[in-house]
Amino acid sequence: MQGVGVPSGVVDQGVSQGAAAGTALPPLRKRKLNASGSRKTSTVWEEFNILPDEPEPIAACKHCHKRYRCDPKTHGTSNMLAHSKVCYKNPALLLKDPNQTNLVSGEGGFLVPTSQRFNVAACRKAINTFVILDEHSFRVVEGVGFKQMCKQLQPQMAIPTRRTVARDCFQLYLVEKSRLKAFFKSDCTRVALTTDCWTSIQNLSYMATTAHFIDTAWKYPKKIISFSLVPNHKGDTIGMKVEDVLREWGLRKVSTITLDNATANDVGNTCF
C-alpha cells in the first residue's frame, strides 16, 4: 500500500490555526541521556550529573560531587548505584541513618542530641510515664484519638493493650523502687518522713508515707514510699505501719517523722 503524503503547508496551516484558536500544544518531553547518548533507565541518574568537556564519560554525585567513570561499555552504573546508597551528604539518607542524631530542646532549654532510631522500649516507657504522670486510666491507650495521635507521631509503633500498660507500669514501679532503695543505702545521709491518713467515701482507711531528702544535685525532692490500706487510724496502727515501711526500705538514718495534729498520733509518737 502506498503511503499518502501530507503537504508541509497543510501542517503549518493546522498549527497556525490551533495557535490562533488558543489551543496550547503539549510541550516536547525531554529525554534524559546517559554518556553514550541513549536514554537513561537507571534510577542512579537522579543522584548524578554527567560532566561536560571531559576526555571520557564522567559523572559526579549531586551531593558530595564525587566522580565516577560512567562509560556504559566498560563501567556501567554499579559503582554509582553503590555510592548513592551510602552518600554521607544525601539528605534523604541522613533521615534514615540510625546513627544520625537530631538536636532537640531538653531540660533547661538546652539543645541535646537525640537518636532518630525507632526504639520500641523507649516508646512504651513514654506511654507508661504519660499514664502515670497525668493520672490516666490504663484504657486510655485503647481510645481512638490516642491511637491516631501515636500513628501520626510514629507509624511503626504498635499500640499496647491496657493489660500490657498495667504490667509495664508495675514493672516501672519495681525498677524505680530498687533505684531509690539503692540511693537511700549509698548516697543519702538523712531522710525525713511525713505521714498522712484519710478515709475514702467507701469508709476505707488509707495511709501514705512520704520521704523527703537532698539528692546529689542538692535538690530537695520527695517520694511517696508507701500508700496502703490500714485497718484504722489509731496510734498503734500508725506506729506499726511506719515501722514496717522503715524495715521494707532499709531506712536507718531518719532525721524526723512528722504527723498531723490528730489525737491518735500522740500514741503513735510513743512507738517511734
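All letters in the sequence shown, in the order written, are residues 1 to 272 by full-length UniProt numbering.
Idealized CB from N, CA, C, for every residue including glycine.
Owing to the predicted nature of the structure, the values given are computational and were not obtained by experimental measurement.
- Item | H233 versus E243 - alpha carbon distance | E243 has its alpha-carbon roughly 15 Å from the corresponding atom of H233.
- Assign D168 to one of three DSSP states: helix, strand, or coil. In the three-state scheme derived from DSSP, where H, G and I count as helix and E and B as strand, D168 is classed as helix.
- Message: I'd like to confirm the pairing. Which residues does DSSP put opposite R67 in its beta bridges?
- Response: Within the DSSP bridge table, the entry for R67 names A60 as partners.
- Message: Classify A122: buried if its beta carbon has 16 or more other beta carbons within 10 angstroms, exposed otherwise.
- Response: That one is exposed.
- Rounded to a whole number of angstroms, what is the C-alpha to C-alpha distance between Q156 and M80? Between the alpha carbons of Q156 and M80 lies a gap of roughly 31 Å.
- Inter-stretch contact at 8 Å, needing at least 3 Cβ pairs: the segment 67-86 / the segment 46-56: Short answer: they touch.
- Item | Range of the contiguous beta strand (DSSP E) that encloses D53 | Where D53 is concerned, there is no enclosing beta strand (DSSP E), given that its DSSP letter is neither H nor E.
- Cβ-based burial, T258 [other Cβ within 10 Å; buried from 16]: T258 comes out exposed.
- Can you grab the Cα-Cα spacing for the pair K185 / K253, in whole Å? Each residue's alpha carbon lies about 10 Å from the other.
- Query: How would you label T209, buried or exposed, when you count the other beta carbons within 10 angstroms and need 16 or more for buried?
  - Reply: Per the 10 Å Cβ criterion, buried.
- Confirm, please, whether the CB-CB distance from M207 to S228 is below 8 Å. Yes.
- Item | Residue of Q148, F138, T195, V144 minimising C-alpha distance to F170 | It is F138.
- Which residues in the same chain have their Cβ closer than 6 Å to the Cβ of T256, if we skip the five residues on either side of it in sequence? So the list reads A192, once near-sequence residues are dropped.
- In the structure shown, what three-state DSSP assignment does H83 receive? DSSP, reduced to helix, strand and coil, places H83 within a helical segment of the structure shown.
- Exposed or buried, what is A217 when buried is set at 16 or more other beta-carbons lying within 10 Å of its beta-carbon? Exposed: under 16 other Cβ atoms inside 10 Å.
- Task: Would you mind sorting K85 into buried or exposed? The rule is 16 or more other CB atoms within 10 Å of its CB.
- Result: Classification of K85: exposed, given that the 10 Å Cβ count is below 16.
- Task: Take R163 as the anchor and find which of A182, V131, C188, Q152 has the nearest alpha-carbon.
- Result: That would be V131, whose Cα lies nearest to the Cα of R163.
- residue 279 vs C70 beta-carbon contact at 8 Å: Residue 279 is absent from the structure shown; the chain starts at 1 and stops at 272.
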